[in-house]
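Enquirer:
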Amino acid sequence: MGRTECKYLPLLAPISVQIYSPGPWIAGIDFPFGQSRQFIENIGWPTAWQDYVEHASLLGRKGFRSALDDYRANRPAGDKEHRRATDIKAGSISPQKLYGVPVGLMFFEGAPRLREAGVTIPGLQQGDPRRVVVEAYPGVLARSLIGRRSYKQDTKKKQTQDQHEARKEMLEKIKGDGILATHGLTVTAPVTLADDPGADHLDALLCAVQAGWAWMHRDNNFGASSPVDPLEGWIADPLLHGR
Numbered sequence: 191m192g193r194t195e196c197k198y199l200p201l202l203a204p205i206s207v208q209i210y211s212p213g214p215w216i217a218g219i220d221f222p223f224g225q226s227r228q229f230i231e232n233i234g235w236p237t238a239w240q241d242y243v244e245h246a247s248l249l250g251r252k253g254f255r256s257a258l259d260d261y262r263a264n265r266p267a268g269d270k271e272h273r274r275a276t277d278i279k280a281g282s283i284s285p286q287k288l289y290g291v292p293v294g295l296m297f298f299e300g301a302p303r304l305r306e307a308g309v310t311i312p313g314l315q316q317g318d319p320r321r322v323v324v325e326a327y328p329g330v331l332a333r334s335l336i337g338r339r340s341y342k343q344d345t346k347k348k349q350t351q352d353q354h355e356a357r358k359e360m361l362e363k364i365k366g367d368g369i370l371a372t373h374g375l376t377v378t379a380p381v382t383l384a385d386d387p388g389a390d391h392l393d394a395l396l397c398a399v400q401a402g403w404a405w406m407h408r409d410n411n412f413g414a415s416s417p418v419d420p421l422e423g424w425i426a427d428p429l430l431h432g433r
């Protein structure tokens with residue numbers, strides 16, 4: 191059983207500073223650290239994570255968007271955007287996505303920062319062993335606690351009491367024994383975390399839980415299934431790795 195202490199950091203500028211802070215620490219950050227192997231090989235980008243992340247960054251934001259748009263343009267329906275193996279397990283969308291939830295742009299902004307900071311990203315980058323970053327995805331843990339109920343909404347007129355109740359139920363389970371068997375952690379957190387309709391702080395807690403679990407398994411590849419695809423990376427959660 192472990193104890194996790196979390197610190198909430200809004201993206202992206204403060205993280206650019208915090209990831210240079212002296213360790214030891216581990217952070218769970220919610221954006222795709224990599225692209226799918228299928229996409230990287232099809233588009234002809236460098237076939238090493240650090241190299242294709244640098245390549246994407248050098249394209250610039252406009253060039254990156256154009257590269258992804260051009261890739262999709264002439265491909266048949268159902269083969270325009272690809273998911274990583276970990277996305278398929280987690281039920282998350284393709285890291286190429288530029289619209290709706292633009293995780294492709296999150297990758298573009300975030301992955302180069304991690305590369306340049308020289309942090310250790312298990313399976314992707316061997317950097318400073320005292321500064322460790324894992325890819326988190328709160329949706330996996332949220333679904334295990336409340337199913338597919340909606341629990342967050344940024345648009346005020348669409349916010350509901352049912353969503354608030356779902357957030358409260360999720361937080362109660364996290365603070366109880368709802369994650370002890372799966373993640374091996376007990377959590378203390380203020381009840382006010384459930385009051386934010388956008389659930390930014392609650393999602394940050396879920397990311398911290400996933401990072402805490404990974405830290406507990408740091409002597410066993412941080413809990414990752416073996417092998418990790420060195421192009422794609424992986425999402426840190428025992429529900430995806432049979433732990």
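Positions in the sequence shown are counted from 1; adding 190 to them yields the working numbering.
For every residue, glycine included, the Cβ atom is placed at its ideal position computed from N, Cα and C.
If S284 and E271 are in contact, beta carbons under 8 Å, what's the gap, nearest whole angstrom?
Expert: Looking up residue 284 in the sequence shown gives position 94. Looking up residue 271 in the sequence shown gives position 81. That pair is a contact at about 4 Å.
Enquirer: Cβ of W239 within 8 Å of Cβ of P420?
Expert: The residue labelled residue 239 in the question sits at position 49 within the sequence shown. The residue labelled residue 420 in the question sits at position 230 within the sequence shown. Result yes, Cβ atoms of W239 and P420 sit closer than 8 Å.
Enquirer: Which class does G253 belong to by DSSP, given the choice of helix, strand or coil?
Expert: For the purposes of this step, residue 253 is identified with residue 63 of the sequence shown, where counting begins at 1. Helix at G253.
Enquirer: Using C-beta distances below 8 Å, list every residue in its chain close to G253, excluding the 5 sequence neighbours before and after it, in chain order.
Expert: On the sequence shown, residue 253 is found 63 positions in, with the first residue counted as 1. Result list for G253: empty, nothing under 8 Å.
Enquirer: Helix, strand or coil for Q315, going by three-state DSSP, please let me know.
Expert: Taking the sequence shown and counting its residues from 1, one reaches residue 315 at position 125. Strand at Q315.
Enquirer: Excluding the 5 residues preceding and the 5 following G308 in the sequence, name in chain order all residues of the same chain whose CB lies nearer than 6 Å to its CB.
Expert: The sequence position of residue 308 within the sequence shown is 118, counting from 1. So the list reads G317, D318, once near-sequence residues are dropped.
Enquirer: So which of H373, L395, P387 has the shortest CA-CA distance to A404?
Expert: Counting from 1 along the sequence shown, the entry for residue 404 is found at position 214. Nearest option by C-alpha distance: H373.
Enquirer: Per the contact definition of three or more C-beta pairs closer than 8 Å, is the stretch 204-216 in contact with the stretch 375-391?
Expert: They do not touch, by the three-pair rule.
Enquirer: Quick one: is P214 buried, meaning 16 or more other Cβ sit within 10 Å of its Cβ, or exposed?
Expert: By 1-based counting over the sequence shown, the position of residue 214 is 24. Classification of P214: exposed, given that the 10 Å Cβ count is below 16.
Enquirer: Please identify the residue among V381, P328, E231 whose C-alpha is closest to the C-alpha of R338.
Expert: As a position in the sequence shown, residue 338 is number 148, starting the count at 1. Out of V381, P328, E231, P328 has the C-alpha closest to the C-alpha of R338.
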